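In what follows, a structure is listed as structure tokens, so that the remarks can point back to it.
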Ligand SMILES: *Cc1c(COP(=O)(O)O)cnc(C)c1O
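Numbering (the numbering used here), first residue to last: 28 to 388.
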């Protein structure tokens, strides 16, 4: 079978080694004579998987003992409403930093539950930038400040982890978790849907500081209570076992490659190949994000004319480069190059871009 490079934004490419391991174990996990798809979440073999995954998350993010690691359901989008239902009340204000489509969705969910404040927004510039810490103006009585560290659709990324002292920081890290070292201990809550940088869709990783669990109102629906999920070690009800199993394999793969420092270097080299192809195209390609805000995970760009979009997509597919169509709010192309995208994929795309510009420029 010929290798195809998968640039889709999510569900996204997974490490080849992990796919092969999952395939090998699919019919007979740990010599149990059972598939991992069939194991009860109450079996000790599954508990071993989820505990190993939790420990790997703590190790990779260098979290101290004040944190719990949870695997929940409903995607990152359920976190948009779960955070305000748990932490926004009649005496406080939910603060949002609006840097893209998902950030805006999170903000809109919070508005359903209480008072909100836009602490910063880059909407006026069509989401090409990321605010500096000084540009984020937090309100009085802030319940928390919510940020989106990587804007999957616009292709911008925070290069720093904000710090608001005693005010809890909540981060949607769905599209850049584990792509580089971060100041994880600045956060009160981190969440990420699995299907970009972690594994197959189904599980949502949540890292929550223990003091936050004490703030949860007891009259919420059970499935929306962080404290109940933590008390039950993410096994309050049947978890998405296969997604968690693959996440565990991906985390092992990450640690074997040298962890987040090694991954950051790898991701910088990969992204540079494509950004260089944009910058050296004599204006044929135009990057959407401002340079200092450029994402290492989602590279967004437009072509000299939108009439070239169709031929670009058709020819790139012939070159075994798939999933490059940009989101309609930006147009043009988006190359999603998460952790699992090999450097050869980025090189192949950069080579194709140069050749396409030469022929059509
Ligand atoms: C994909 C994405 C989401 C939505 O995730 P779901 O799991 O589909 O709910 C939210 N935030 C960011 C930053 C994303 O990239």
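Note that the Cβ used here is the ideal one computed from N, Cα and C, for glycine as well.
Quick caveat: nothing in here was measured; it's all calculated off a predicted structure.
Query - For residue 158 and residue 164, the rounded distance between their alpha carbons - result: 10 Å
Query raised in the report: Does the beta-carbon of residue 42 have 16 or more other beta-carbons within 10 angstroms, so that it is buried, or is it exposed?
Result: buried
Query raised in the report: Which residues bound the beta strand (DSSP E) around residue 327?
Result: 325-330
Query raised in the report: Do residue 377 and residue 300 have their C-beta atoms closer together than 8 Å?
Result: yes
Query raised in the report: For the alpha helix (DSSP H) that residue 372 lies in, which residues bound it at each end?
Result: 370-387
Query raised in the report: At what residues does the beta strand (DSSP E) containing residue 95 begin and finish?
Result: 94-99
Query - Residues sharing a beta bridge with residue 349, DSSP - result: 33
Query raised in the report: Nearest CA to the CA of residue 88: which residue from 46, 290, 254 and 263?
Result: 290
Report task. List the endpoints of the continuous alpha helix (DSSP H) containing residue 278. Result -> 268-283
Query raised in the report: What's the C-alpha gap between residue 229 and residue 266?
Result: 9 Å
**Report entry** Straight-line gap, residue 55 to residue 62 (C-alpha atoms, nearest Å)
**Finding:** 5 Å
Query raised in the report: Just to check, is the beta-carbon of residue 222 closer than 7 Å to a non-hydrogen atom of ligand 1?
Result: yes
Query raised in the report: If residue 234 sits next to residue 84, beta carbons under 8 Å apart, how far is it from one beta carbon to the other, in whole angstroms?
Result: 7 Å
Requested in this report: Using beta-carbon positions only, say whether residue 122 and residue 173 come within less than 8 Å of one another.
Outcome: yes
**Report entry** Limits of the alpha helix (DSSP H) - the one that residue 256 falls within
**Finding:** 253-258
Query raised in the report: Would you call the segment 264-282 and the segment 45-60 touching, i.e. three or more CB-CB distances under 8 Å?
Result: yes
Query raised in the report: Taking the Cβ atom as the reference point for each residue, do residue 180 and residue 354 lie within a distance shorter than 8 Å?
Result: yes
Query raised in the report: Mapping DSSP to helix, strand and coil, what is residue 173?
Result: strand
Query raised in the report: Does the segment 330-338 touch the segment 194-207, meaning 3 or more C-beta pairs lie closer than 8 Å?
Result: no
Requested in this report: Please check the pair residue 169 and residue 119, which I expect to be a contact at CB under 8 Å, by giving their CB distance rounded to whole angstroms.
Outcome: 7 Å
Query raised in the report: residue 302 to residue 58, Cα distance in whole Å?
Result: 46 Å
Query raised in the report: By DSSP, does residue 90 sit in helix, in strand, or in coil?
Result: coil
Requested in this report: Classify residue 204 as helix, strand or coil using the three-state DSSP reduction.
Outcome: coil
Query raised in the report: Where does residue 187 land, buried or exposed, given buried means 16+ other C-beta within 10 angstroms?
Result: exposed
Query raised in the report: Roughly how many angstroms separate the alpha carbons of residue 236 and residue 225, rounded to a whole number?
Result: 21 Å
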